[in-house]
Structures are given as structure tokens and as C-alpha cells.
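First residue of the sequence shown: -19, per the working numbering; consecutive thereafter. Heads up, the beta-carbon is just placed ideally off N, CA and C, and yes, glycines get one too. The structure appears below as C-alpha cells.
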Amino acid sequence: VQLVESGGGLVQPGGSLRLSCAASGFTFSVRAMNWYRQTPGKEREWVATITSGDASSNYADSVKGRFTISRDNAKNTVYLQMNSLKPEDTAVYYCKVSVGVTYWGQGTQVTVSS
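Have a look at this one:
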């Protein structure tokens, strides 16, 4: 299993970024996919989940209404569209999948600063 995140960077408050997580080594279409984030000295925090079947989604209260998780099963990729970014969104963002064992990507840094 391999998960590779991309799309992070430096953005001003109020700006947008779209993160991608390219997956391989498992049947992507039948697995729920998750985004988490972590800042130094804090525990990794759940951000969003998208299911496999009807692609329904759930979000942490801190990002609800600003972030959108989506998936493209043909490309084995999950996305996180982040709008109206705030400085407190600054973190390393990770995607996660559980296939009996839990796998994490290497993370992508998002920095929101003026």
C-alpha cells in the first residue's frame, strides 16, 4: 500500500488549496479514505472522511463548510479542497486508509500566513 500526498504550500488567509492523495496497492474504490492533520506538539487530528459506496462525507467541526473531500476512483485519488483558509489550518496534512492495517502517507505541509 502506498499513499502519496501533494498540493500543500504557503497560502494567505482566506485563500484556497487543493490537496491530492494518490493511492496504490489496494482496491481503492471499496475503501473509505480519510484526511488528518498534525501540528508540532499536538496529536494528529481527524479532518474528513469519504465513504466508498455512496461517497458520503463527514467533517470535523473546525473545517465544516470550508473543506470538501472528494474521490476519483478511476484515478485512485482522494482530494481535499480547502477554502477560506485560516492560520489555524496550518499543519501537515495526511491521508489514511485502513485495510486491516492502517496506512498513512508521508504528509504535505500547508502553511496559512500573510
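By the three-class DSSP mapping on this structure, what secondary structure does residue i have?
i       : result
Ser4    : strand
Ser42   : coil
Ser50   : strand
Glu68   : helix
Ser(-4) : coil
Assign residue i to buried or exposed, taking buried as 16 or more other Cβ atoms, counted over all protein chains shown, within 10 Å of its Cβ.
i        : result
Asp41    : exposed
Val81    : exposed
Asn53    : exposed
Val79    : exposed
Val(-19) : exposed
Using a threshold of 6 Å, is the CB atom of residue i nearer than that to any non-hydrogen atom of the ligand MN?
i     : result
Trp15 : Absence of the ligand MN from the depicted structure is noted, as is the absence of any ligand whatsoever, leaving it without description.
Given residue i, which residues of its chain have a CB within under 6 Å of its CB, disregarding the five upstream and five downstream residues?
i      : result
Leu65  : Val(-9), Gly(-5), Val92
Ile30  : Met13, Ser37, Ile49, Arg51
Ser121 : Residue 121 cannot be examined here, being either before or after the span of the chain that is shown, -19 to 94.
If contacts are defined as beta-carbon pairs under 8 Å, then residue i and residue j qualify, I think. What distance do you get, rounded to the angstrom?
i        : j     : result
Tyr59    : Arg11 : Wrong, their Cβ atoms sit about 15 Å apart, outside the cutoff.
Tyr73    : Trp15 : 6 Å
Arg51    : Ala35 : 6 Å
Val(-16) : Gly87 : The Cβ separation is near 10 Å, so there is no contact.
Ser9     : Ser32 : 6 Å
Ala28    : Phe6  : About 20 Å; that fails the 8 Å criterion.
Excluding sequence positions up to five away, which residues of its chain have a Cβ less than 8 Å from the Cβ of residue i?
i     : result
Arg24 : Tyr16, Arg17, Gln18, Tyr74
Lys76 : Leu(-17), Met13, Asn14, Trp15, Tyr16, Thr82, Tyr83, Trp84, Gly85
Thr70 : Thr19, Val90, Thr91, Val92, Ser93
Val43 : Val27, Ala28, Met62, Asp69
Apart from the five residues on each side of it in sequence, which residues of its chain come closer than 7 Å, Cβ to Cβ, to residue i?
i    : result
Ala2 : Val(-16), Asn56, Thr57
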